[in-house]
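Counting in our numbering, the sequence shown runs from 194 upward without gaps.
Beta carbons are placed, not taken as given, at the ideal position from N, Cα and C, and that holds for glycine.
Treat the numbers as computed from the prediction; the structure is a model and nothing was measured.
Report on the structure given below.
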Amino acid sequence: MTTKPTLAQQRAIAYSSKPFAALSLFASLYVLHHLIKNPNKTTRMYHRLIGCMNAFISVQTIFILWGNWAVPEGTPFFAGASGTVQTCTVQGFFVILASISVASYYAS
């Protein structure tokens, strides 16, 4: 028999990823800033791959930060849900697109 999570547990699950997503976003933007700032680094394929990978990581973390606010309002056991089906679909599309892209850049 499963028990329903309490509101405190729902909030902990919903908001626990936000600080780590913010750190990931700042780190990927930092890498992009340094790659764009130094024009010599854009001539090597390695730096281009790193730049594209960090661009997709930035997109992914933005949508992870958006997270529970994109979930349709009224979804059971999901604290902070205030979106619509469309916002949830858009978020899911971009998270999956970025995840596949980042994995592809890691593999190359």
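Between residue i and residue j, what straight-line distance do the alpha-carbon atoms span, to the nearest angstrom?
i: threonine 235; j: phenylalanine 219; result: 21 Å
i: glycine 244; j: tyrosine 299; result: 12 Å
i: isoleucine 250; j: serine 292; result: 8 Å
i: alanine 263; j: phenylalanine 271; result: 11 Å
i: glutamine 284; j: tryptophan 259; result: 8 Å
i: arginine 204; j: serine 210; result: 11 Å
i: phenylalanine 256; j: asparagine 233; result: 31 Å
i: lysine 230; j: phenylalanine 286; result: 31 Å
i: tyrosine 239; j: leucine 228; result: 11 Å
Quickly, what does DSSP pair residue i with across the bridge? List them, please.
i: proline 265; result: Gly276
Just to check my reading of the structure: residue i and residue j have Cβ atoms closer than 8 Å, yes? What is that Cβ distance to the nearest angstrom?
i: threonine 268; j: alanine 274; result: 5 Å
i: asparagine 247; j: leucine 216; result: Not a contact, Cβ separation roughly 14 Å.
i: threonine 254; j: alanine 214; result: 5 Å
Using a Cβ-Cβ cutoff of less than 7 Å, which residues in the same chain neighbour residue i once the five nearest sequence positions on both sides are dropped?
i: arginine 241; result: Thr235
i: glycine 276; result: Trp262, Ala263, Val264, Pro265, Glu266
What are the boundary residues of the alpha helix (DSSP H) that residue i is part of?
i: glycine 244; result: 238-259
i: phenylalanine 213; result: 211-230
Does any heavy atom of the ligand GTP sit closer than 7 Å to the C-beta of residue i?
i: isoleucine 289; result: Absent from the structure shown: the ligand GTP. Ligands present: none.
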